[in-house]
Structures are given as C-alpha cells and as structure tokens.
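Participant: Provided herewith is a single structure, encoded as structure tokens, for subsequent inquiry.
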Amino acid sequence: MPWRKAFSSEEPAGAGGAGAGRAVTIAELTDVRNGTRAPYAPVPVTADTLAYVIYTSGSTGRPKGVEIGRGAVSLLLRELEGAGAASGEGRRVGWNASPSFDASVQQWVRLCRGDTLVMIDEETRRDPALLAALVDEQALTDLDVTPSHADPLLDLLTPGGGPRPLTLLVGGEAVGPALWDRLAAAHASGLLRALNVYGPTECTVDATAGWIDRPGEPHIGTALPGLRARLLDENLAPVGEGETGELYLAGPRVARGYRNRPGLTAERFVADPSGTPGGRVYRTGDRCRLLPGGRLAYLGRADGQVKLRGHRVELPEIEAALARVDGVAEAAVVLGEDAGGTPCLIAHHRGGDAAALRTALTAALPSYMVPAAYVAVDRFATTPSGKLDRAALATRVEASEDRAGTAGSAEGLTGTAEELIARVWTQVLGAASIGPDDNFFKLGGHSLLAIKLVSRVRAELSVALPVKAVYAHPRLRDLAAHIEGLTAAKDA
128 MPWRKAFSSE
138 EPAGAGGAGA
148 GRAVTIAELT
158 DVRNGTRAPY
168 APVPVTADTL
178 AYVIYTSGST
188 GRPKGVEIGR
198 GAVSLLLREL
208 EGAGAASGEG
218 RRVGWNASPS
228 FDASVQQWVR
238 LCRGDTLVMI
248 DEETRRDPAL
258 LAALVDEQAL
268 TDLDVTPSHA
278 DPLLDLLTPG
288 GGPRPLTLLV
298 GGEAVGPALW
308 DRLAAAHASG
318 LLRALNVYGP
328 TECTVDATAG
338 WIDRPGEPHI
348 GTALPGLRAR
358 LLDENLAPVG
368 EGETGELYLA
378 GPRVARGYRN
388 RPGLTAERFV
398 ADPSGTPGGR
408 VYRTGDRCRL
418 LPGGRLAYLG
428 RADGQVKLRG
438 HRVELPEIEA
448 ALARVDGVAE
458 AAVVLGEDAG
468 GTPCLIAHHR
478 GGDAAALRTA
488 LTAALPSYMV
498 PAAYVAVDRF
508 ATTPSGKLDR
518 AALATRVEAS
528 EDRAGTAGSA
538 EGLTGTAEEL
548 IARVWTQVLG
558 AASIGPDDNF
568 FKLGGHSLLA
578 IKLVSRVRAE
588 LSVALPVKAV
598 YAHPRLRDLA
608 AHIEGLTAAK
618 DA
C-alpha cells in the first residue's frame with residue numbers, strides 16, 4: 128500500500144523551495160521490483176533560494192522565523208574576507224556558537240573557503256580556562272565570542288600560547304569602554320586582532336564591522352559592502368555627523384522576511400525611504416550616533432528589545448510571562464547590572480512572590496530570559512502622559528529583596544571552604560547572607576556569574592575548579608566538599 132505524506136505548510140517543498148508541495152508516493156520515487164525510477168528533475172537554485180531559517184525572540188511570545196537566502200550567505204563570506212576577518216590559507220576556526228544562534232553561520236560558512244572548523248563543546252564554551260587551553264592546543268587562528276566571554280578570556284591568553292595574533296570576532300552585545308580599551312591594548316601588543324561586528328539576524332549575521340585597534344569611544348564600524356546603512360531621524364531624513372537616529376539597512380543581504388508572517392514582514396521590511404524603485408530596507412530598531420568617517424556608535428534599542436550574553440531578548444515577552452503568574456498585578460523588566468557589574472535582567476513586580484515568579488519563569492522561558500533579580504514595588508512611577516516611566520526603574524541590584532529573602536543564615540557554615548565560597552557568593556550574587564544549603568542558581572546565578580565564581584576560587588585556592596562543577600554541585604555545602612576533595616588530591 129503506497130505511503131503518502133504531504134509537506135506541511137511550515138516546511139519547504141524541496142531544497143529551499145517555497146510553499147507546500149503535493150503528496151509523493153513510494154512508487155513514484157523507486158519501484159524496487161522492476162527497477163524503474165522516477166524521472167530526475169533538479170531543483171533550480173538561485174541567490175534567493177532559502178538557505179536557512181533561524182528563530183528569534185518575539186515581543187508577543189511567538190518566535191519569528193527569519194528566512195535567509197543562499198546568495199546572502201555567500202556574500203557574507205566574501206565580505207568577511209574583504210574586511211580581513213577571513214583571509215589567508217590554513218585558517219583554523221573555532222565553532223563557538225549554538226546552531227540556533229545566527230553567529231554560528233559565520234563560523235560554519237568558513238568551510239566553503241577550505242578552512243578547518245574545530246568543534247567546541249558546551250563545557251569548554253562556557254569555561255574561559257578550558258577555552259583558552261583549546262585555542263592553544265588546537266592552534267586556532269580565528270574565534271568568535273561575545274563581549275561577556277571576551278573579558279575573562281583576555282586574562283588567560285598568552286603571547287606564546289599558539290598562533291598569534293589570534294583573530295577575535297566580538298559580537299552579540301555591546302562592547303563597553305573598559306573592554307574596548309583592553310582589546311585595543313591586546314591588539315597593540317600583537318596578542319590578537321579584534322573585530323567588533325554588529326548585525327541583526329534579519330541581515331545575515333554581520334551588518335557592520337570595525338577593528339578595535341586603538342583606545343577610545345567604542346563603535347561598530349561601518350557597513351560591510353553587502354549592505355547600505357542609513358541613519359534616519361523620526362521624519363526619515365538622514366542625520367548629520369554627531370547626531371542620533373535609527374539604523375536602517377538595505378542591500379542583497381537583507382532577509383526575505385519572516386516565515387509565514389506577512390504582516391510582521393511588512394512592518395519591519397519597509398519601502399526604501401530614499402525612493403529607490405522596488406527597494407526595501409530593514410528597520411533595525413537600533414539607535415546609533417554618526418561618528419567621523421561614517422562609523423557608528425551603538426546607543427541601544429528604540430523599543431523593548433535587548434541583547435544579553437549574545438541572545439536577542441524581547442522584554443515584553445518576559446513581562447507577559449510575569450503577568451500570567453497568579454498574584455502579579457503589574458510587571459516590568461529592564462536590563463541592568465548585578466553587584467559585580469555583570470549585565471543581568473531585573474524584574475520589577477507589583478504583587479506576587481519572588482521565589483514563585485522565578486520558578487514560573489524558569490518553567491516557561493529559556494534560561495537566558497529568566498531574570499536574575501526580582502524587585503517588589505508598591506507602585507510603578509509613570510510619565511506625565513500616564514505611561515510606565517522605565518527610567519525610574521532600578522538598573523543595578525546590590526542585594527535584591529528576593530536574593531536576601533531566599534538566602535539562608537551564615538551561622539551554619541563550617542570549614543574554610545564553605546566560608547570562602549559563602550564570601551565569594553556574597554560578592555558575585557549580591558546576597559546579604561549566604562547559608563550552607565543555598566543554591567547558586569536559585570539565588571540568581573547564571574553562566575557568567577559561574578565563570579566569575581570559578582575565577583575567584585582558582586585565584587584564592589590555586590585549585591583547578593571547572594565551571595561544570597558549579598552546575599554539578601549548585602548547593603554551597605556540596606560545592607565546598609567538592610573543592611576540598613580537589614585540594615586534598617592536589618596536595619597528596
């Protein structure tokens with residue numbers, strides 16, 4: 128009996144085809160009994176043929192599938208070569224991003240120029256010491272990292288450790304002034320050459336690029352050749368040098384649109400304001416300032432979207448999830464800093480229990496979208512027009528109410544290791560008091576704070592504590608016992 132299955136409307140009807148296809152029977156493909164085969168008909172491939180779909184966070188809670196054509200990916204590789212970020216033979220490139228994250232595209236596409244791709248596992252990716260060791264052991268020449276991971280990595284790279292200078296592509300979030308100057312100094316010393324890359328998923332990974340070769344004001348460089356950058360004011364008029372506007376991007380690397388979302392596509396991919404017949408541009412929603420030479424200084428979002436640890440996060444999506452929790456009358460989320468200056472999400476809520484909110488969001492959202500701190504408020508400040516005054520929300524958490532309330536008593540601590548871990552946790556988590564049964568992640572810990580924790584333990588105890596140990600032993604008492612075991616083994 129023939130097997131039949133129609134392609135769903137969510138999937139292409141062939142290698143990059145569009146729309147649904149007709150049902151195909153086994154008999155049409157191959158008739159094993161008489162050896163006949165269905166006629167071969169190659170699928171035409173053009174520059175606009177679909178190469179991949181990557182889903183990004185959506186403000187309504189529904190992810191958006193961004194469709195990128197094959198020609199756009201080919202241009203990306205050519206432009207990275209032209210910028211000097213992918214040049215020369217025998218390059219060894221670290222695959223340092225999840226396939227669901229668009230930064231992975233600029234890594235796997237390097238196979239198309241004959242480069243060697245070195246796979247990096249999750250444990251190594253999130254542990255700076257292991258990553259630095261892999262860079263040297265595998266003789267990597269090229270690595271792509273977020274600013275949050277570049278900072279601790281700089282402490283571990285050495286001039287004689289491997290091929291130098293290491294080409295470091297830095298992107299996924301804004302580079303702060305302190306890190307910018309550190310990267311510029313590393314560039315001057317010959318340790319590495321860092322390229323700051325910026326780009327929305329809708330414009331095939333990287334839209335602009337600028338070398339971090341001297342200290343000063345951070346910038347995202349200028350547009351790569353496959354795109355045209357336009358900085359426009361609220362009247363869609365170009366801004367002058369030193370002025371601020373919203374960034375619009377046009378050119379052959381702009382995405383085809385959002386998969387099966389024609390309304391949203393029309394909203395973000397608009398007619399070219401310059402009047403080019405049939406032209407269209409992508410509204411990034413990013414605010415920039417025009418610097419001399421056409422360089423752009425990134426200032427942040429014009430809407431509720433932020434980038435955190437390389438992930439694009441829609442704050443309204445988190446706020447909607449908070450509002451669905453029983454007892455919450457109102458909620459607002461901002462991107463801020465914890466006590467140690469690490470970027471984090473801070474949830475302000477009127478009504479509801481912080482511990483219950485954390486539990487509910489952990490079950491409903493990806494880990495990178497779960498706020499690290501929760502601040503209870505009696506009322507939210509409003510603007511003269513009656514809207515929420517986001518500028519009045521706290522953007523730095525020293526010892527948040529939910530952390531202080533969740534943490535246990537320090538009186539039960541026993542032994543040097545427990546006391547050391549408690550002290551370090553207090554520093555990196557901003558909790559008022561830490562007890563032996565407290566859980567690192569339930570107190571707001573995340574991957575970057577785990578890296579900070581491990582770095583401080585290594586410095587104070589000279590013990591090779593891997594980041595994965597924090598995940599395996601999140602309770603303070605258990606982590607301390609593990610560290611004591613490592614110390615005993617080292618001294619034996």
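So the number in this note's numbering is just where the residue sits in the sequence shown, counting from 1, plus 127. All residues carry an ideal CB built from backbone N, CA and C; glycine is no exception. Just so you know, these numbers come straight off a predicted model, no measurement behind them.
Mind checking who H475 pairs with in its DSSP beta bridge?
Facilitator: According to DSSP, H475 bridges with A459, V502.
Participant: Does the beta carbon of V452 come closer than 8 Å to any beta carbon on chain B?
Facilitator: Reference to chain B is not applicable here, since this structure consists of a single protein chain.
Participant: From the DSSP output, in three-state form, read off V297 for me.
Facilitator: Here V297 sits in strand by DSSP.
Participant: What residues in its chain sit with their C-beta under 6 Å from that of L322, if we drop five residues either side in the sequence?
Facilitator: Counting only Cβ-Cβ distances below 6 Å, and skipping sequence neighbours, we find A212, L296, A336, W338.
Participant: Helix, strand or coil: how does DSSP classify P389 here?
Facilitator: Three-state DSSP puts P389 in a helix.
Participant: Pick out the complete beta strand (DSSP E) segments inside the segment 311-364, 3 residues or longer, and give them in chain order.
Facilitator: Counting whole runs of 3 or more residues, the segment 311-364 contains the beta strand (DSSP E) stretches 319-325, 335-338, 355-359.
Participant: Please go through the same chain and pick out, in chain order, the residues whose beta-carbon is closer than 7 Å to the beta-carbon of V200, but skip the five residues on each side of it.
Facilitator: Only A178, V232, V236, T331 meet the Cβ criterion.
Participant: By Cβ distance below 8 Å, which residues in the same chain neighbour G367 in space, the five residues on each side in sequence not counted?
Facilitator: Hits under 8 Å: L417.
Participant: Quick one: give me the first and last residue of the alpha helix (DSSP H) that R583 is part of.
Facilitator: Element bounds for R583: 574-588.
Participant: Are at least three pairs of beta-carbons, each pair with one atom in the segment 240-252 and one in the segment 450-457, less than 8 Å apart?
Facilitator: Output reads no: the segment 450-457 does not touch the segment 240-252.
Participant: Out of curiosity, what's the CA-to-CA distance linking A474 and R218?
Facilitator: Roughly 44 Å separates the two Cα atoms.
Participant: Scan the segment 230-266 and note each continuous alpha helix (DSSP H) run of 4 residues or more that stays entirely inside, going in chain order.
Facilitator: If we require 4 residues or more, the alpha helix (DSSP H) runs fully inside the segment 230-266 come out as 232-235, 249-252, 255-264.
Participant: D282 to L270, Cα distance in whole Å?
Facilitator: Looking at the two C-alpha atoms, the distance is approximately 16 Å.
Participant: What's the C-alpha gap between E300 and Y182?
Facilitator: Using only the alpha carbons, I get a separation of about 18 Å.
Participant: Out of P274, R189, N566, I610, state which residue places its alpha-carbon closest to the alpha-carbon of P304.
Facilitator: Measuring from the Cα of P304, the nearest candidate turns out to be P274.
Participant: Is the segment 589-606 touching the segment 489-499 in the sense that three or more CB pairs, one from each, lie closer than 8 Å?
Facilitator: In short, these stretches do not touch, since the Cβ pair count stays below three.
Participant: Are R407 and A398 close, meaning C-beta to C-beta below 8 Å?
Facilitator: Yes. Within cutoff.
Participant: Could you tell me how far apart the beta carbons of E457 and A382 are, in whole angstroms, since I believe they sit closer than 8 Å?
Facilitator: Not a contact, Cβ separation roughly 35 Å.
Participant: Assign L306 to buried or exposed, taking buried as 16 or more other Cβ atoms, counted over all protein chains shown, within 10 Å of its Cβ.
Facilitator: So L306 ends up on the buried side.
Participant: I'd like the list of long-range same chain contacts for T533, defined as Cβ closer than 7 Å, with 5 residues on each side in sequence excluded.
Facilitator: Below a pLDDT of 50, predicted positions are generally treated as unreliable, and T533, at 46, falls in that range; no measurement from the model is reported.
Participant: Could you say which of G192, P563, D254, L435 lies nearest to E546 if we only look at CA atoms?
Facilitator: Of the listed residues, the one whose Cα sits closest to E546 is P563.
Participant: Alpha carbon to alpha carbon, how far is A356 from Y495?
Facilitator: Roughly 30 Å separates the two Cα atoms.
Participant: Beta carbon of V581, beta carbon of I610: below 8 Å?
Facilitator: Against a cut-off of 8 Å, the Cβ pair of I610 and V581 comes out as no contact.
Participant: Curious, which full-length alpha helix (DSSP H) runs of at least 4 residues does the segment 171-233 contain?
Facilitator: Listed in chain order, they are 197-209.
Participant: Roughly how many whole angstroms lie between the Cα atoms of R428 and R291?
Facilitator: Cα to Cα, R428 sits roughly 36 Å from R291.
Participant: Assuming E441 contacts S184 (C-beta within less than 8 Å), just tell me the rounded distance between them.
Facilitator: Yes, E441 and S184 are in contact; Cβ-Cβ is about 4 Å, under 8 Å.
Participant: Excluding the 5 residues flanking V433 on each side, which residues of the same chain have their C-beta closer than 7 Å to its C-beta?
Facilitator: Around V433: V440, L442, L462.
Participant: Considering only residues of the same chain and omitting the five flanking positions on each side of Y385, which have a CB-CB separation below 8 Å?
Facilitator: These residues qualify, in order along the chain: K191, G192, V193, E194, L391, T392, R395.
Participant: Assuming G198 and A174 are in contact, meaning their beta carbons sit under 8 Å apart, how far apart are those beta carbons, in whole angstroms?
Facilitator: Contact flag correct, Cβ pair sits at about 3 Å.
Participant: In the DSSP assignment, what residue or residues form a beta bridge with D271?
Facilitator: According to DSSP, which records beta bridges pairwise, D271 is partnered with L296.
Participant: Reducing DSSP to helix, strand and coil, say where E464 ends up.
Facilitator: The answer is strand: DSSP assigns E464 an E or B state.
Participant: Take A537 and list the residues in its own chain whose beta-carbon comes closer than 8 Å to its own, dropping the five residues that flank it on each side.
Facilitator: Its pLDDT being 49, under 50, A537 is placed unreliably in this model, and the coordinates cannot settle the point.
Participant: Which class does K132 belong to by DSSP, given the choice of helix, strand or coil?
Facilitator: Confidence in K132 is poor, its pLDDT being 32 and thus under 50, which makes the residue's placement unreliable; the coordinate value appears in the next sentence. Coil at K132, not helix or strand.
Participant: Judging by CA-CA distance, which residue of P327, A277, Y325, D333 is the nearest neighbour of A311?
Facilitator: Here the closest residue by C-alpha is A277.
Participant: Which residues in the same chain as S316 place their Cβ atom closer than 8 Å to its Cβ, once the five residues preceding and following it in sequence are excluded?
Facilitator: So the list reads P286, once near-sequence residues are dropped.
Participant: My guess is that A350 and A334 are in contact by the Cβ rule of under 8 Å, so how many angstroms apart are they, rounded?
Facilitator: With a Cβ gap of about 6 Å, A350 and A334 count as contacting.
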